[in-house]
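Taking this note's numbering, the leading residue of the sequence shown gets 72, the next gets one more, and so forth.
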Amino acid sequence: MFSHFFIDRPIFAGVIAIVIMLLGGFAMTGLPIERYPDI
Numbered sequence: 072m073f074s075h076f077f078i079d080r081p082i083f084a085g086v087i088a089i090v091i092m093l094l095g096g097f098a099m100t101g102l103p104i105e106r107y108p109d110i
C-alpha cells in the first residue's frame, strides 16, 4: 500500500528523491576534510 501511494503520484516521488539528494549534498559539504580517506 505504501508503494501504491508513490506509483499513483510519480511527481511527488521524484520531488522527494530530489530533496533527499540535496540533503545528502549539503551533508557531504558539511563534513570536515580530514574525514575523507586518503587517495
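Every residue, glycine too, gets a C-beta built ideally from N, C-alpha and C.
In the structure shown, the three-state DSSP call for I110 is coil. In this model, I104 and M72 are separated by some 42 Å (Cα to Cα). For P81, the enclosing alpha helix (DSSP H) begins and ends at P81 to T100.
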